[in-house]
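**Q** Protein chains in written order, with this note's numbering: chain A, 1 to 293; chain B, 294 to 595; chain C, 596 to 1019.
Note that the Cβ used here is the ideal one computed from N, Cα and C, for glycine as well.
Bear in mind the structure is a predicted one, so any value in this text is a computation, not a measurement.
1. Tell me, to the nearest whole angstrom, how far the beta carbon of residue 898(C) is from that of residue 970(C); I am working on the premise that it is less than 8 Å.
2. May I ask you to report which of helix, strand or coil DSSP gives residue 732(C)?
3. When the distance is taken between beta carbons, is residue 575(B) closer than 9 Å to residue 333(B)?
4. Would DSSP call residue 38(A) helix, strand or coil?
5. Please work out which residues of its chain come closer than 6 Å, Cβ to Cβ, to residue 402(B), disregarding the five sequence neighbours upstream and downstream, and give them in chain order.
6. How would you label residue 919(C), buried or exposed, when you count the other beta carbons within 10 angstroms and need 16 or more for buried?
7. Please name the residue or residues paired with residue 1020(C) in a DSSP beta bridge.
8. If I follow the unbroken alpha helix (DSSP H) through residue 174(A), where does it start and stop?
9. Closest Cβ-Cβ distance between residue 508(B) and chain A: below 9 Å?
10. Between the alpha carbons of residue 39(A) and residue 490(B), how many angstroms are there, rounded?
11. Measuring only the C-alpha atoms, how far is residue 967(C) from residue 757(C)?
12. Considering just the uninterrupted stretch of the beta strand (DSSP E) at residue 869(C), what are its terminal residues?
13. According to the Cβ coordinates, are residue 855(C) and residue 789(C) closer than 9 Å?
14. Return the CA-CA distance between residue 851(C) and residue 431(B), expressed in angstroms with no decimal places.
15. Here's the rule: buried if 16 or more other CB atoms are within 10 angstroms of the residue's CB, otherwise exposed. What is residue 195(A)?
16. If we define contact as Cβ-Cβ less than 9 Å, is residue 869(C) a contact residue for chain B?
17. Is it a yes or a no for the region 447–456 of chain B touching the region 475–495 of chain B, going by three-plus beta-carbon pairs under 8 Å?
18. To the nearest angstrom, report how far apart residue 167(A) and residue 464(B) are at their CA atoms.
19. Residues of chain B with CB under 9 Å from residue 165(A), in chain order?
20. Roughly how many whole angstroms lie between the Cα atoms of residue 73(A) and residue 633(C)?
21. Would you mind telling me which residues of chain A sit closer than 7 Å to residue 551(B), beta carbon to beta carbon, in chain order?
22. What is the C-beta distance between residue 476(B) and residue 393(B), in whole angstroms, given that I count them as a contact (C-beta under 8 Å)?
23. Would you say residue 56(A) reaches chain C, if we count a Cβ-Cβ gap shorter than 9 Å as a contact?
24. When DSSP builds the beta bridges, which residues end up paired with residue 744(C)?
25. Considering only the beta carbon of each residue, do residue 541(B) and residue 664(C) sit closer than 9 Å?
26. If you pair each beta-carbon of the region 871–882 of chain C with each one of the region 690–699 of chain C, do three or more pairs fall below 8 Å?
27. Assuming the contact rule is C-beta atoms closer than 8 Å, residue 914(C) and residue 710(C) should be a hit. Round their C-beta distance to whole Å, please.
28. Taking the alpha carbon of residue 237(A) as the reference point, which residue from 86(A), 54(A), 43(A), 45(A) has its own alpha carbon closest?
29. Report, in whole angstroms, the separation of the C-beta atoms of residue 111(A) and residue 175(A), which I expect to be a contact under 8 Å.
30. Using the Cβ count rule (16 or more neighbours within 10 Å means buried), how would you classify residue 624(C)?
31. Using a threshold of 9 Å, state whether the C-beta atoms of residue 386(B) and residue 508(B) are closer than that.
32. Whole angstroms are fine: how far does the CA of residue 380(B) sit from the CA of residue 998(C)?
33. Whole angstroms is fine: what's the gap from residue 521(B)'s alpha carbon to residue 193(A)'s?
34. Check residue 685(C) in the structure and name its three-state DSSP category.
35. Who are the neighbours of residue 686(C) on chain B, taking C-beta pairs under 7 Å?
36. Looking only at C-alpha atoms, which of 77(A), 83(A), 258(A) sits nearest to residue 245(A)?
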């Protein structure tokens, strides 16, 4: 890979320019960031630790951080025994993936349209799109359900993902990102005789890769964590998603924290994997585009 | 009207281009129209009707609006929501900005990814699971927070049980969940700022604070506005966390407007009243967003 | 870049294909669908399906049970029942809401209704009825509060755990003995009574009502059409004053203890008023708590077995299978099945004759349940707007607990609000 040695050289040059005081500041900032990250991470650690405790252990007073047995995986086994959690994970993955990809496609198209074109009513329409965010979902859920029922989409992947197919945030983000593309690039492509669609595919999309990756990750996660709509539209056990699986360890009277935390840990793992892989791609894309510019 | 005709029947190259632009936007518009606008319109229509037990709808004009707007519970819910907003929105935006700038300054990519992932992790949990875990951390008797405080001699606090601490406590959960999301947006934007701008500024003798004020923040202005608007809307509509934990308690201190809307629609079966609240939420957010948009938007040259 | 493009297309195509996969498999088997949100009783819910297999041998119809998460179930029920074609054939809910506020329920056939009227305990006969007509089958007995005491804590305080307080005056004296105040004046380290102070006001009303009924008060008029004069009657004020004083004056209960169940399980509270499912929770989560169950103490009168949320099984009015649904309910409406159904989950059976079976006799709440049922039947509030009324009333109770005001003015306010709700 020809790019890597160049990257390293750029980094060492920057480091050579730094004075000692600047290095100190950098250290302090890095430390602050690290401490903040640990504080933010702590509830997860707490959650993971709780998933290794039995119910009586959790109730114990005074508080005890470590579980009695560090490798006590009974809660995890219980989770799988009670619910077909693997199936839930699969369902969530399918739904979230469709939502993410669909969002990226439609949002980037719409973002391009809003950012670089001047058709009548553009600003009003954009405001209307943003206005969607302000509609409380609870007030549209019943009409939407009846509509899904009429289309025969209840209890299907299509039905679960329907309200999630386009994201207002996605349109917002894409518009923001595409606005920063210098108009010269687009005009140059037009001069070369490219159609608008070709411009979109060859000029616009490659320039906003970080935004696309961000949107993919965020939309995937957002869809993964949806509870209310899936709960309303799903009735059969096989179609349940992970969030519903989590809620099956809470009920009217009490919360089974030992099982809930185990299920929560299970539901975060896939997201972690996706995030880590996509994050690397974001960085790579940025580094490569930085060198090109 | 003439302009629309030119979109449908383009005469010039310019018109053809604008038509393409409109077509790009169309799929999103159609989707939102069907999934959200139509049900919203239906909801607005409902706000003028009353549904008595087991009976047919009756048209009552603005009476429901009058009823809801003179109900003290409604205004308490609005008050609670605004307080929550004040606690969570500025904190989220400022902290996210600080963290993004801090992360951007870290040179070791591997470490940056590790810390960034940790900040982003709360966003990966569902709101309900997050709320339940935090409820437990806040527990007055065996929650971790009071345990920590007891180690420095502070007596146990009531947190979610206290009339005054419940709102900041819930706001803290919202900040925790959302900070990674906003950090990511800021980070992506920061990484798009060409390094040359900073080099040029450094050569002109600008120090770190000046670079922040004159380069970073102005260039990040669109993202900051976007994040502010999104956080405001998101926190105004706060529901899942409250529903899963305090359910509006203690004594209604944490009842938000959307919680009241849900209860009114599904527990009290008063759809007309709930529709009035929905219309109120929509209009308020629209007005506030417009204000934010117009007042703070500054065009930036590229 | 080209390879990535091709792969993206493949993935997108695969997803489009996945989206068209129909959800639940097309069942050739005819079946009745039952929805329930009683998610903490999975064995109870599964029994319907098991029984359904037997039923299928006779009629060809199986029973499919769908458990809806409790959180948000109202929205799901409403959406489905309004959409008609995807609605369940049978569902579990409160009769006065789904049959009173809405018109979603089918009337129970007369012979079945008579059967239930004859076999239910006295206080339960009204459960499942709306305006005198029976729509639903009560499924929960023991939905009334009883007194759980921590035997060891009683002994330590010098009280006899086999001789529980029978009036609230004696009860209060005992609570005082069981409370260990904090010498520094902060929250006590141990309280006598685990009080419910958090969560939605409806639940708090539910927990306060035994006190109200013990003082002879009632939340609404007997016709359920008026609140002023009842919700703010002198008896109600007295009951609420006593209740509030537990926290504010006598300090035998504390708001700092979070969940009352947890407080009892951690041996920080000696007494809790809870329903019969609670001892299952204690056995599982706090197995080292040595407890006994007794009937609630009395004051002017005895609280009796009352329930604010009586759950019933109902049949959907617009179901194409409603005749078959009633057939299924006929099939399981007998003493033997009732006993088996409830025993499998460890809860109390509903039929009177089953209350003296060996299973029930072996439960720690056997005697206390008998004692509670012997008490006069308390007022019920099966009104379509019961949620909203209980919330308004609960605001007053919570207000007193948190020191936001005095009982009389808060109750006056609540009563006025409830009347507005009733009139609307």
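**A** Straight from the coordinates:
1. 7 Å
2. strand
3. Going by C-beta atoms, residue 333(B) is nearer than 9 Å to residue 575(B).
4. helix
5. none
6. buried
7. In this structure chain C extends from 596 to 1019, so residue 1020(C) is not present and cannot be described.
8. 168–179
9. no
10. 33 Å
11. 17 Å
12. Note, residue 869(C): beta strand (DSSP E), 864–869.
13. Yes. Within cutoff.
14. 12 Å
15. exposed
16. no
17. no
18. CA-CA distance, residue 167(A) to residue 464(B), rounds to 25 Å.
19. Contact of residue 165(A) with chain B by beta-carbon distance below 9 Å involves 324, 328.
20. 27 Å
21. Think of a sphere of 7 Å around the beta carbon of residue 551(B): the chain A residues whose beta carbon falls inside it are 136, 138, in chain order.
22. 5 Å
23. yes
24. 866(C), 887(C)
25. The answer is no: Cβ separation not under 9 Å.
26. no
27. Actually they are not in contact, since the Cβ atoms of residue 914(C) and residue 710(C) sit about 21 Å apart, beyond 8 Å.
28. 86(A)
29. 4 Å
30. exposed
31. Cβ atoms of residue 386(B) and residue 508(B): not closer than 9 Å.
32. Their Cα atoms are separated by approximately 25 Å.
33. About 40 Å.
34. strand
35. Here the premise fails: no neighbours, minimum Cβ distance about 15 Å.
36. 83(A)
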